[in-house]
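Numbering (my numbering), first residue to last: 1 to 99.
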Amino acid sequence: MPTFVVTITLPDTYEEDFLALIPRHRSHINRLLTEKVIETYAISADRRRGWVTINGEDAGAVRTVVEQFPLYRYFSGIEIDELFIFDTVASRFPPISLN
Numbered sequence: 001m002p003t004f005v006v007t008i009t010l011p012d013t014y015e016e017d018f019l020a021l022i023p024r025h026r027s028h029i030n031r032l033l034t035e036k037v038i039e040t041y042a043i044s045a046d047r048r049r050g051w052v053t054i055n056g057e058d059a060g061a062v063r064t065v066v067e068q069f070p071l072y073r074y075f076s077g078i079e080i081d082e083l084f085i086f087d088t089v090a091s092r093f094p095p096i097s098l099n
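Here it is as structure tokens:
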């Protein structure tokens with residue numbers, strides 16, 4: 001299954017409605033991480049951009065996943081790019097211990 005990176009642009013300021021949705025959003029993200037739909041999830045230190053690595057059949061399927069995020073209506077932009085190579089430490093075999 002192809003892997004995509006989604007770049008999310010977050011609002012400049014956060015209103016109370018946005019902040020109130022964060023726990024629900026995190027719960028949703030954690031569920032998708034557990035289901036291996038999402039591989040990685042990151043938000044910049046200045047909280048203006050985010051990057052989500054998502055497995056999906058195509059960009060349309062990935063967009064559908066992102067549109068289900070509780071905070072989606074507050075995103076001021078999203079970009080979806082299919083990845084050719086996606087290597088991570090987590091995807092490698094653990095080191096062998098000869099104990």
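Cβ coordinates follow ideal geometry from the N, Cα and C atoms, glycine included.
Leaving out five residues before and five after residue i in sequence, what residues of the same chain have Cβ atoms less than 6 Å from its Cβ?
i     : result
Glu39 : Thr53
Leu32 : Ile38
Taking the beta carbon of residue i as the centre, do at least 16 other beta carbons fall within 10 Å, making it buried, or is it exposed?
i     : result
Ile22 : exposed
Leu71 : buried
Please say whether residue j and residue i have beta carbons closer to each other than 8 Å?
i     : j     : result
Ile80 : Phe18 : no
Arg48 : Leu10 : yes
Phe69 : His25 : yes
Ile78 : Val66 : yes
Glu82 : Met1  : no
Ile29 : Tyr41 : yes
Gly50 : Ile8  : yes
Return the first residue and the last residue of the beta strand (DSSP E) that residue i is part of.
i     : result
Thr40 : Ile38 to Ile43
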